[in-house]
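For what it's worth, my numbering labels the leading residue of the sequence shown as 56, then goes sequentially. From the three backbone atoms N, C-alpha and C, an ideal C-beta is built for every residue, glycine too.
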Amino acid sequence: MMHVHPTPAEAAEHCAKYLAQIIEDAIHERGRADVALSGGSTPKLMFQYLVREKVDWSKVRLYQVDERGVPPGHPVSNSTMIEEHLLQPAEIDAENFHRIQGELHATDAAMRYAEVLRHDFGPDPVFDAILCGVGPDAHTASLFPGDPLVLDRTGLVSATWVEKMSQWRITVLPRILLLARQILVLAAGTDKATAIRMVFDDATPDLDAPAKILLHGSGLTHWFLDHDAGPHE
Ligand code: 6PG
Numbered sequence: 056m057m058h059v060h061p062t063p064a065e066a067a068e069h070c071a072k073y074l075a076q077i078i079e080d081a082i083h084e085r086g087r088a089d090v091a092l093s094g095g096s097t098p099k100l101m102f103q104y105l106v107r108e109k110v111d112w113s114k115v116r117l118y119q120v121d122e123r124g125v126p127p128g129h130p131v132s133n134s135t136m137i138e139e140h141l142l143q144p145a146e147i148d149a150e151n152f153h154r155i156q157g158e159l160h161a162t163d164a165a166m167r168y169a170e171v172l173r174h175d176f177g178p179d180p181v182f183d184a185i186l187c188g189v190g191p192d193a194h195t196a197s198l199f200p201g202d203p204l205v206l207d208r209t210g211l212v213s214a215t216w217v218e219k220m221s222q223w224r225i226t227v228l229p230r231i232l233l234l235a236r237q238i239l240v241l242a243a244g245t246d247k248a249t250a251i252r253m254v255f256d257d258a259t260p261d262l263d264a265p266a267k268i269l270l271h272g273s274g275l276t277h278w279f280l281d282h283d284a285g286p287h288e
């Protein structure tokens, strides 16, 4: 389902309210909510609204979608962004956040994170909600165009070298995204418009626009876009 709002703030606010509702419903139905969060910059605005929502964070397990191969505290660390913009303002206990250990060698970090997911969920980790962004090149998580991992449907987590960023990344694999009960995609700005158009163009192969994976999930996918990122006739 597509939700296009006039501004990035309105898209972020609606995404936050929807995520808070998913969490409340999951806690009501199963006593707990499991949520995986992407990094980058877009979530920061959404987190500002999310921390205002009435959420019983003691019943929420937070995980990461992906991480850069850097230690906590590094300027591009996703776990540090999540801690600074969500955990601290919402006073969420650090024990409720299961971060990817970006400080380790990427393949070790990926192996350990997969072990955590298998321990916490079993062989088929099903999240109540996964927050995804979209890069200007239509990547999502750390699944970039041309990376064979985009077509992987068996693994849980992998390390991958992103040449154009000269950066190691650790990312959940498509199977995790496809198993989610709900996926919330938040994207704003004119620099995302081409990527969104590619995603919704049937002729575009998944390998060219990895965010297309988000269309194939077994659960519900909600696209929260601002006017600039949204499709234009
Ligand atoms: C990351 C994210 C990535 C992000 C997109 C959009 O580690 O960068 O997980 O998938 O969602 O790159 O990034 P922005 O929100 O910064 O535009």
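query	result
Do you know offhand how far Ala-64's Cα is from Leu-280's?	10 Å
Run the proximity test for Arg-123: is its beta-carbon closer than 8 Å to any non-hydrogen atom belonging to the ligand 6PG?	yes
Using 10 angstroms around the beta-carbon of Gln-237, count the other beta-carbons present and answer buried if the total reaches 16, otherwise exposed.	buried
Determine whether the beta carbon atoms of Ala-169 and Trp-216 lie at a separation below 9 Å.	no
Within the continuous alpha helix (DSSP H) that includes Met-101, where are the two ends?	97-105
Going by beta carbon distance, what residues of the same chain come within less than 7 Å of Asn-151, once the five residues before and after it are set aside?	Trp-112, Val-115, Arg-116, Leu-117
Mind reading off the beta-carbon distance from Ser-132 to Gly-157? Whole number of angstroms is fine, and I expect it under 8 Å.	6 Å
Any heavy atom of the ligand 6PG closer than 8 Å to the Cβ of Val-120?	yes
In this structure, does DSSP put Glu-108 in helix, strand or coil?	coil
I need the straight-line Cα distance from Glu-79 to Glu-108, nearest angstrom please.	10 Å
Three or more C-beta pairs closer than 8 Å, one from the region 255-269 and one from the region 208-226: is that the case here?	no
Between the beta-carbon of Val-59 and the beta-carbon of Ala-66, is there less than 9 Å?	yes
Would you kindly report the start and end of the unbroken alpha helix (DSSP H) that includes Ala-193?	Segment: none, Ala-193 is in no alpha helix (DSSP H) and carries neither H nor E.
Return the CA-CA distance between Val-90 and Ile-231, expressed in angstroms with no decimal places.	12 Å
Taking the alpha carbon of Thr-276 as the reference point, which residue from Tyr-73, Pro-61, Thr-62 has its own alpha carbon closest?	Tyr-73
For Arg-18, count the other beta carbons within 10 Å of its own beta carbon; 16 or more makes it buried, fewer makes it exposed. Which is it?	No statement about residue 18 is possible, as the shown extent of the chain runs from 56 to 288 and does not include it.
Can you find a heavy atom of the ligand 6PG that lies under 8 Å from the Cβ of Thr-245?	no
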